[in-house]
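A.B. asks: I have a structure here, written as structure tokens, and I will follow up with some questions on it.
Residue numbers (full-length UniProt numbering): 1 to 196.
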């Protein structure tokens with residue numbers, strides 16, 4: 001078993017001309033959570049799942065505690081953690097600084113482990129036409145309350161750019177409605193009353 005991937009065409013924004021490029025995207029088998037990690041670690045030794053969970057919980061706490069006080073954390077076989085900051089300009093010309101995220105740079109050892117992984121290309125399904133993608137969406141929305149851009153992209157196995165383009169056209173044609181804004185956008189079918 002290895003890392004499965006698909007090859008996708010790289011979109012060229014604003015009709016930019018030039019050589020068409022492609023890129024590989026890894027396909028996740030799922031997400032390994034804390035309990036799953038505990039079980040995997042228990043299988044390698046003689047310690048209980050509860051002991052492993054307690055150590056991992058303390059491990060996460062210690063990293064957070066160190067980052068909170070301005071330290072960088074380096075775990076030789078895992079990688080390097082550091083806080084990421086963001087600045088927000090204020091109307092008076094000053095700026096407000098907030099913690100934005102945690103940067104992670106993996107170790108050379110972890111990179112080498114991944115480089116040795118077996119890669120397996122998955123053949124993409126035949127490309128769907130817009131009417132086929134639209135029919136799939138309508139069928140999905142008849143069974144579910146709403147869909148997001150990412151959900152549409154997964155449903156139709158298309159890029160985020162194609163999903164945005166399709167959804168914008170469907171909203172313009174009033175076949176679906178857009179609710180929310182920014183990063184909290186969802187799309188729904190119109191109410192029966194809207195068609196009267």
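Even glycine gets a Cβ: it sits at the ideal position worked out from N, Cα and C. Since this is a predicted model, take the numbers as computed values, not measurements.
Rounding to the nearest angstrom, what Cα-Cα distance links residue 13 and residue 108 in this structure?
C.D. replies: When rounded, the distance between both Cα atoms is 34 Å.
A.B. asks: Is the beta carbon of residue 133 closer than 8 Å to that of residue 106?
C.D. replies: Not in contact: residue 106 and residue 133 (Cβ atoms no closer than 8 Å).
A.B. asks: Express the C-alpha separation of residue 49 and residue 39 in angstroms, rounding to a whole number.
C.D. replies: Taking the straight line joining both Cα atoms gives about 6 Å.
A.B. asks: Apply the 10 Å Cβ neighbour rule to residue 137 and answer buried if 16 or more other Cβ atoms are within range, or exposed otherwise.
C.D. replies: So residue 137 counts as buried.
A.B. asks: Please report how far the alpha carbon of residue 44 lies from the alpha carbon of residue 52, in whole angstroms.
C.D. replies: Between residue 44 and residue 52, the C-alpha separation is close to 11 Å.
A.B. asks: Looking at the secondary structure, which residues open and close the beta strand (DSSP E) in which residue 74 lies?
C.D. replies: Run containing residue 74: 73–75, per the beta strand (DSSP E) assignment.
A.B. asks: Out of 131, 161, 129 and 152, which has the shortest C-alpha to C-alpha gap to residue 140?
C.D. replies: Comparing Cα-Cα distances from residue 140 to each of 131, 161, 129 and 152, the minimum goes to 152.
A.B. asks: At the level of alpha carbons, what is the spacing between residue 176 and residue 190?
C.D. replies: So the alpha carbons of these two residues sit roughly 6 Å apart.
A.B. asks: Would you give the residue range spanned by the beta strand (DSSP E) that residue 177 belongs to?
C.D. replies: It spans 177–179 - the beta strand (DSSP E) in which residue 177 sits, taken as one unbroken run.
A.B. asks: Tell me whether residue 78 is buried or exposed, calling it buried when 16 or more other Cβ atoms sit within 10 Å of its Cβ.
C.D. replies: That one is exposed.
A.B. asks: Check whether the segment 107–122 touches the segment 89–97, counting contact only when three or more Cβ pairs, one atom from each stretch, lie closer than 8 Å.
C.D. replies: In short, these stretches do not touch, since the Cβ pair count stays below three.
A.B. asks: On the DSSP bridge list, what partners appear for residue 98?
C.D. replies: BP columns for residue 98 point to 86.
A.B. asks: Over what stretch of residues does the beta strand (DSSP E) that includes residue 26 continue unbroken?
C.D. replies: Its beta strand (DSSP E) spans residues 22–27.
A.B. asks: Assuming residue 84 and residue 103 make a contact with CB atoms under 8 Å, what is their CB distance in whole Å?
C.D. replies: Residue 84 to residue 103, Cβ: 5 Å. Contact.
A.B. asks: Quick one: using the 10 Å Cβ neighbour count with 16 as the cut-off for buried, is residue 167 buried or exposed?
C.D. replies: Residue 167 comes out buried.
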